[in-house]
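In my numbering, the protein residues as written are 8 to 360. By construction, the Cβ of each residue, glycine as well, lies at the ideal position given by its N, Cα and C atoms. Only one structure is covered here, and it is reproduced in the block below.
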């Protein structure tokens, strides 16, 4: 049988689509004990998250953490769970971010001249680093939909080996099993991105305007990290400090009015300080009556913002003499939040679009 070497009918060489994969950390499949335990097991088994020698860490994880912690966390997840959709807030928001990104691209968002229909050229997916849908599923889905180039967007503004690098690991682990690999780009951290700082400042101003009190302090709370990881060279602290500095500068506020803190400490080791809970307690003890907390390191509201900040730290402040307390929502899938994602994606796709 003769083969026409010039026939352009081989799907392997036809122009492929561009895939975009939004990634966030993850959430249990349900707030029940065993679901939370599965999530914790996967999360805390990642060497990027806990870099202790396995011979020391496994006994602690299996005989203490996975026995004691799921019960307490399941109650916290239940308090913030979306009972209508049956999922955690982080999963619901990440899905919505992907859907809104797809709608914007389909409307010509990446091509103002309208030369090519977005829906014909792009495919959007979302994934969780831990639990479902996972990164491997996202990449395989994009490839199955004809994507030969993929942009992965970790929704972590500040880089840490425990978050961003873990996404890299999973992406390349997935690619290693593929015979035909798509070209892949991974968006860098955006801790000092001008659009990021602008939308944070705008969101904070809007949130403050809706309050019925003027705060004495605006506490900028970032997720914590073991100090040992920073000492080994992790740039997370420096990037948090730069985000905080730029935000203070944009708002015209000093560090006394808008201090920084770190939350979500796990275990007994030294983590980045000052700790958020301690800072909240001391603010009330100093006689401050109005406190607002923002959490610019989270791209979407989750257990750490909805429960740890808005429930636990609210209680700490009020029980120690504070009067007015508020947590400003994360950017989520708001107009400002999506503006940031559109800008990041547009920039990182240059040369492909």
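By alpha-carbon distance to residue 161, the top candidate from 131, 144, 155 and 195 is 195. By alpha-carbon distance to residue 229, the top candidate from 337, 154 and 138 is 337. Counting along the chain, the unbroken alpha helix (DSSP H) around residue 104 starts and ends at 96–113. Bounds of the beta strand (DSSP E) holding residue 157 are 154–161.
Runs of alpha helix (DSSP H) with 4 or more residues, each lying fully within the segment 154–237, are found at 173–183 and 201–216, listed in chain order.
In the structure shown, the three-state DSSP call for residue 268 is strand.
As computed with DSSP, residue 24 is found in a beta bridge with 154.
Distance check between residue 356 and each of 128, 72 and 69 places 128 closest, using alpha-carbon atoms only. Between the alpha carbons of residue 215 and residue 325 lies a distance of about 19 Å. Rounded to whole angstroms, the separation of the alpha carbons of residue 300 and residue 265 is 9 Å.
Per the DSSP secondary-structure output, residue 290 pairs with nothing in a beta bridge.
Pairwise C-beta distances place the segment 252–272 in contact with the segment 218–225, as three or more of them are shorter than 8 Å. Between the C-alpha atoms of residue 97 and residue 29 there is a straight-line separation of about 12 Å. Fewer than three Cβ pairs drawn from the segment 103–117 and the segment 49–57 lie within less than 8 Å of each other, which leaves the two stretches out of contact.
Out of 319, 254, 239 and 34, the CA that lies nearest to the CA of residue 271 is found in 319. Distance from the CA atom of residue 201 to the CA atom of residue 211, rounded to whole angstroms, is 15 Å.
Relative to residue 187, the option among 205, 65 and 149 whose CA is nearest is 149.
Residue 159 is positioned such that its CB atom lies closer than 8 Å to that of residue 174. The three-state secondary structure of residue 54, taken from DSSP, is coil. With at least 16 other beta carbons inside 10 angstroms of its own, residue 68 counts as buried.
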